[in-house]
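Worksheet for the structure shown next.
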Amino acid sequence: MPRKIQNIHVEGYTSIRQADVRLGDITLLVGANGAGKSNFIAAVELLGRIADGELGLEVGLRGGAQALLHAGAKAGGSIVLGIEAVDGEATDGYTAVLIPAANDTLIFEQETVVTKRRGVALGGGHRETLLHTAPEDTEDIVDILRGCRVFHFQDTSRNAPVKQLGYVDGQDFLRPDAGNLAAFLLHLRREHPESYERIRSTVRVMAPFFRDFVLVEDAKGRTSLRWNQQGVDAVFPAEALSDGTLRYICLTTLLLQPRPPALLTLNEPELGLHPFAIVQLADMLRSAATRSQIVIATQSVTLLNQFSLDDLVVAERDEGETVLRRPEPEALREWLDDYSYYGLPRDTPGMDDLPSGTPHARVEHVERAIHRALDDDPRLVPNLVLHETETWVFAAAKELGELLGRPDVADALRKQAERAGGPELVNDGRETAPSKRILAAYPGYRKTHDGPRHRGSRPRRPAA
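Heads up: the sequence shown at position 422 corresponds to 422 in UniProt numbering, and the numbers run straight through without jumps.
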């Protein structure tokens, strides 16, 4: 990752009057429905379309210029999109100023590229980018712009691109809609077998029934996504996979490929995934962030809890406009408490009069309150799980120490479980959850790798 995007500037686009978002290795956009997270993601995607020479097509597909202009600027406003990338002390950049034109289109009022502290004006009045006329030393920023793609794997319908036949040749990168997933996996199996095996084994952790992909090129040079199952000779089509498993395969392939794009942008990748799969997804995102920058819009508390507060950008509406900012840590914690597992939504029955006492007593109080709110319906028995998966690790800390070759780690975890009153009671806060305690004792712990290995080596149920 020789150059990193330092800042993305969006002005006059849909609900965003003006925003500057500084990117880290991982940037998670969080906020309520309608706050404007997806509008920022769409602005990033528009930069990529501009670089492809498809501004006019994209504006048309999005409903025309008036649908894209900020609500307060339709009388004659503009859309400004900019990006800054750094490599040491050198800063490259690009700015496009778009204004409405005839037939509800957008044209360039100004287009500028910056390289080595030198600005190059590409002109104005044109309908598609003039980046192809820019000096040769602007190639790096042009490549970054072309990498502004939003990967979205939500479509798992019968006619979804990921389920269709596709040609094998020239499939050395994964498309944003995973329409060439089968061909790309076949390319990896042939050219990058280690990456292919890593993808296959990672899928099996989440879907133990899965054995391997069955990728065969037909007489016309095409292939489709097929797979087989443990202990079964039959070959299954993509339609036989659950929506969540299929999306997880797409995400795993995207994040574990050997040559990922410099920027990976995803909009709500957690959709349809089991909580365990979301935790695994977070582990893959952290690994991918060593090679790519990652921008994610999410509403998953499970996903948020796997990252630092420093990784988050909160989207909020202020008088109808989207505001994107990194708030003070305490303010962000209060915001998260409205949605997190450790602080159920404040309007949950029983949350307004939680008793003092043990965590078990508080959980039972909320369970009873939920049951009463549902008229004590005998068909429903509320069950709030007090502990998370890492409770298994605390329940058999000795075995973890043996697995890692670190008896000191086992001793530290055993003492923490004893002080808490048992493994289940370790989990009573976001910063003191089992996974956070394990990472504090052993920073090299990877929950989606070491956890399943440890659990498999000790398949006993922890004592209640």
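By construction, the Cβ of each residue, glycine as well, lies at the ideal position given by its N, Cα and C atoms.
Quick caveat, the model's predicted, so the values are computed rather than measured.
* Asked: What residues in its chain sit with their C-beta under 6 angstroms from that of E217, if we drop five residues either side in the sequence?
  -> V168, T223
* **Beta-carbon proximity list for F46, same chain, < 7 angstroms, skipping 5 on both sides** => Inspection of the sequence shows that residue 46 is occupied by Leu rather than by Phe. Counting only Cβ-Cβ distances below 7 angstroms, and skipping sequence neighbours, we find E58, L81.
* Asked: With a CB to CB cut of under 8 angstroms and the five nearest residues on each side skipped, what residues in its chain are close to P260?
  -> L254, A288, R291, S292
* Taking 8 angstroms as the cut-off, decide whether the C-beta atoms of P176 and V142 are in contact. => no
* Cβ distance (whole Å) where L29 is taken to contact F307 below 8 angstroms -> At roughly 12 angstroms, the Cβ-Cβ gap does not stay under 8 angstroms, so L29 and F307 are not in contact.
* Exposed or buried, what is P378 when buried is set at 16 or more other beta-carbons lying within 10 Å of its beta-carbon? -> exposed
* To do: Would you list the one or two residues that DSSP bridges to Q94?
  => Before going further, note that residue 94 is Tyr rather than Gln in the sequence given. Paired residue(s): I83, V113.
* Where are the beta strand (DSSP E) runs, 3 residues long or more, that stay fully inside the stretch 245 to 328, in chain order? -> 263 to 267, 293 to 297, 312 to 318, 321 to 325
* For the alpha helix (DSSP H) holding D20, just list the boundary residues, first then last. => No alpha helix (DSSP H) holds D20; the beta strand (DSSP E) holding it covers 16 to 22.
* **For A182, the nearest candidate out of A32, G64, A42, F213 (CA to CA)** => F213
* To do: Would you identify the three-state DSSP class for H9, choosing helix, strand or coil?
  => strand
* What alpha helix (DSSP H) runs, 4 residues minimum, are completely inside the stretch 357 to 385? -> 359 to 373
* Can you tell me the Cα-Cα spacing of E109 and E54, whole angstroms? -> 17 angstroms
* Asked: Do the CB positions of L309 and A315 come within less than 8 angstroms of each other?
  -> no
* At a cut of 8 angstroms, does the stretch 123 to 142 reach the stretch 155 to 162 through at least three beta carbon pairs? -> no
* In terms of alpha-carbon separation, which member of G56, I50, A32, H70 lies closest to A19? -> H70
* By DSSP, does F394 sit in helix, in strand, or in coil? -> helix
* List the endpoints of the continuous beta strand (DSSP E) containing L181. => Unbroken run through L181 is the alpha helix (DSSP H), 181 to 191; no beta strand (DSSP E).
* Asked: Quick one: Cα of V97 to Cα of T115, how far?
  -> 18 angstroms
* Asked: Which whole runs of the alpha helix (DSSP H) in the stretch 122 to 149 are 4 residues long or more, in chain order?
  -> 139 to 146
* Asked: DSSP three-state call for A101: helix, strand or coil?
  -> strand
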